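For reference, the structure is listed below as structure tokens.
Numbering (the working numbering), first residue to last: 202 to 686.
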């Protein structure tokens with residue numbers, strides 16, 4: 202993480218308007234004295250020469266209806282030759298902690314574009330009308346590029362919620378803690394067209410292409426291949442939760458000489474969870490699983506490779522349920538021990554060598570641990586068919602059924618209110634679940650927490666939400682009734 206930005210000057214946006222800067226120099230003034238719009242603030246930081254911050258007036262931007270900025274044209278690129286921090290802030294609303302500021306981006310481009318190195322964009326809610334929500338354009342220096350943190354991005358499915366491109370130095374861009382919801386289409390949650398970058402702890406839900414797309418074809422001719430990226434970290438908090446994408450969770454469309462690492466991630470998707478396109482990510486192949494027991498697994502891999510073992514709720518190659526453990530292969534062999542799982546559970550693995558990660562290994566089914574002592578004997582060495590009194594082992598009981606996920610509404614509007622906006626927050630009893638929401642007589646559709654409804658008509662309304670676990674099992678809907686008076 203970058204150190205906290207000690208700004209030489211902070212510009213406070215206090216208007217939802219879209220007026221351009223009319224004052225000379227690094228002054229945020231749009232038309233009238235004291236009026237500072239987001240457009241004027243970006244123009245002001247671009248005119249400055251030192252570290253800057255763009256903040257938002259809490260009396261205007263409180264996370265509720267009326268806290269939205271709707272530009273009439275594309276906002277200018279943040280291209281200052283110094284660090285810039287854009288922080289929408291976090292507000293305590295009736296639905297919990299939410300970004301204070303909503304940006305309805307203009308169609309045809311990026312909602313926010315940042316080229317300034319060591320900059321931060323955080324705590325914004327973006328409704329993407331164009332091709333990209335937040336775009337980091339890179340930097341020519343060896344310093345880190347842009348941090349894109351804890352934003353909530355919704356877009357219709359054409360383009361990308363977050364796009365990383367252009368030359369980057371140091372540790373590159375950091376994309377962490379963002380919530381991304383793709384409505385329909387072949388959109389990408391996070392499109393990576395450069396490297397190195399770090400992508401940690403994002404929740405991405407969609408339908409078409411992929412949650413994270415690391416693609417080579419849009420790199421400028423003559424440049425190095427996209428390499429050095431890391432998707433997922435080494436802790437539960439750093440796992441990306443990617444769900445619903447029919448073309449796979451992570452798509453590495455790369456050349457043979459590229460090296461990108463995929464560590465801990467989870468979710469339920471179609472096709473492969475890790476999908477290779479035109480290349481092989483350094484030529485790395487999946488490891489092999491030789492044995493899988495309730496508390497350990499063994500197999501073969503490249504000597505020196507890091508082998509990561511995952512638990513699965515289904516045999517589907519597009520699903521990962523949990524991280525079980527990791528080890529380094531020695532002399533071509535590996536063994537991972539882990540907390541006991543039920544017999545019948547599915548496991549899979551990846552291997553990473555020289556910064557390149559393989560696709561998932563073919564899933565293996567966990568067998569019961571051998572009984573202590575190796576079983577009884579009747580003295581004659583024979584077994585008695587189906588009887589357990591001879592030398593045979595007891596039959597393995599079937600795995601316990603997994604209960605369906607249960608959605609719980611944790612926050613919502615009061616039972617009766619004059620407000621025409623209602624916002625709900627909800628959780629699931631199963632980690633990695635995605636959600637489907639419904640208001641009144643509408644059909645269930647994919648949604649995320651929080652879910653907001655605006656311009657509600659007077660009268661009684663019923664909100665329902667249900668959870669779908671990584672295995673695709675749908676639970677019963679939770680509901681909350683409320684009245685707009």
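Beta carbons: idealized from backbone N, C-alpha and C, even for Gly. These numbers were taken from a predicted model, which means no experiment stands behind them.
In the displayed model, residue 462 falls within a strand according to three-state DSSP. Pairing residue 547 with residue 566 gives a Cβ-Cβ distance under 8 Å.
Distances from the alpha-carbon of residue 483 to those of 489, 381, 453, 465 put 453 closest. Per DSSP, the continuous beta strand (DSSP E) segment holding residue 389 begins and ends at 389 to 393. Residue 570 carries a coil assignment under DSSP once its states are collapsed to helix, strand and coil.
Between residue 560 and residue 519, the beta carbon gap of about 11 Å keeps them out of contact (Cβ cut-off 8 Å).
Closest by C-alpha distance to residue 682, out of 605, 641, 673, 675, is 641. With respect to the 8 Å criterion, residue 508 and residue 466 are not classified as neighbours on the basis of their beta carbons.
Spanning the alpha carbons of residue 651 and residue 516 requires a straight line of approximately 31 Å. If the five residues before and after residue 409 are omitted, its C-beta is found closer than 8 Å to the C-beta atoms of 358, 383, 385, 386, 387, 388, 446, 447, 448, all from its own chain and listed in chain order.
Of the candidates 428, 405, 612, the residue whose Cα lies closest to the Cα of residue 415 is 428. DSSP places residue 255 inside the beta strand (DSSP E), whose first and last residues are 253 to 257. In the DSSP assignment, residue 287 falls within the unbroken beta strand (DSSP E) covering 285 to 288. For residue 240, the enclosing alpha helix (DSSP H) starts and ends at 239 to 248.
Within the same chain, and ignoring the five residues on either side of residue 261 in sequence, the residues whose Cβ sits closer than 6 Å to its Cβ are 215.
Counting only the Cα atoms, residue 403 lies some 16 Å from residue 671. Annotated three-state conformation of residue 634 is coil, per DSSP. Per DSSP, reduced to three states, the secondary structure at residue 437 is helical. Pairing residue 399 with residue 375, the inter-Cα distance amounts to about 5 Å. DSSP places residue 324 in no beta strand (DSSP E); its state is neither H nor E. Within the same chain, Cβ atoms closer than 7 Å to the Cβ of residue 222 are found at 229, 230, 231, 241, 244, 245, the five residues on either side in sequence being excluded. Annotation for residue 290: 256, 257, 259, 262, 300, 301, 302, 324 place their beta carbon closer than 8 Å to its own, counting only its chain and skipping 5 residues before and after. The shortest C-alpha to C-alpha distance from residue 627 to any of 373, 506, 613 is the one to 613. Judged by beta-carbon spacing, residue 506 lies within the 8 Å limit of residue 553, meaning their Cβ atoms are closer than that value. With fewer than 16 other CB atoms across the displayed protein chains lying within 10 angstroms of its CB, residue 486 is exposed.
The Cβ neighbour count for residue 267, taken over all protein chains shown within 10 Å, is under 16; the residue is labelled exposed. A distance below 6 Å between beta-carbons, with the five flanking residues on each side excluded, links residue 605 to the following residues of its chain, in chain order: 674, 676. Within the same chain, Cβ atoms closer than 6 Å to the Cβ of residue 638 are found at 648, 652, 666, the five residues on either side in sequence being excluded. In the same chain as residue 504, and ignoring 5 residues on each side of it, the C-beta atoms closer than 8 Å to its own belong to 530, 531, 532, 533, in chain order. Counting of Cβ neighbours within 10 angstroms places residue 663 among the exposed residues, the total staying below 16. Taking a C-beta distance under 8 Å as the contact criterion, residue 318 and residue 340 qualify as a contact pair.
Taking all protein chains shown into account, residue 522 has 16 or more neighbouring C-beta atoms within 10 Å of its C-beta and is therefore buried. A buried status is given to residue 364, since no fewer than 16 other beta-carbon atoms sit within 10 Å of its beta-carbon. Between residue 332 and residue 367, the gap from beta carbon to beta carbon reaches 8 Å or more.
Within the same chain, and ignoring the five residues on either side of residue 275 in sequence, the residues whose Cβ sits closer than 6 Å to its Cβ are 307, 310. Residue range 608 to 612 is occupied by the beta strand (DSSP E) that includes residue 610.
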